């Protein structure tokens, strides 16, 4: 699961110079919805998922056009 990775990210961000928020979601559509409402310029996003989950599609969308990716992500 992702719990150990999330715990490590939380620990690493505890002393970060800016606010750090670690959020776990159940699936790719949930991640796309969350990012669509909360992602701001300058944010750093770590995506973790199995190859079969299709998380790479979300990563490709974010890299292609960060400001508009959430509007193009299929649910």
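In UniProt numbering, the protein residues as written are 1 to 75. A virtual CB, placed ideally from N, CA and C, is assigned to each residue, including glycine. Quick caveat, the model's predicted, so the values are computed rather than measured.
Next on the checklist: Which residue wins for smallest C-alpha separation from residue 58, given the options 41, 44, 43 and 35?
Outcome noted: Indexing the chain shown from 1 puts residue 58 at position 58. If we check each option's Cα against that of residue 58, 35 comes out closest.
Checklist entry - In whole angstroms, what separates the C-alpha of residue 24 from that of residue 46? => result Taking the chain shown and counting its residues from 1, one reaches residue 24 at position 24. Taking the chain shown and counting its residues from 1, one reaches residue 46 at position 46. So the two alpha carbons sit approximately 10 Å from each other.
Checklist entry - Taking Cβ positions, are residue 22 and residue 40 nearer each other than 7 Å? => result As a working mapping, residue 22 is identified with position 22 in the chain shown. As a working mapping, residue 40 is identified with position 40 in the chain shown. Against a cut-off of 7 Å, the Cβ pair of residue 40 and residue 22 comes out as no contact.
Checklist entry - Within 10 angstroms of its Cβ, does residue 16 collect 16 or more other Cβ (buried), or is it exposed? => result In the chain shown, residue 16 corresponds to position 16, counting from 1. By the 10 Å Cβ count, residue 16 comes out exposed.
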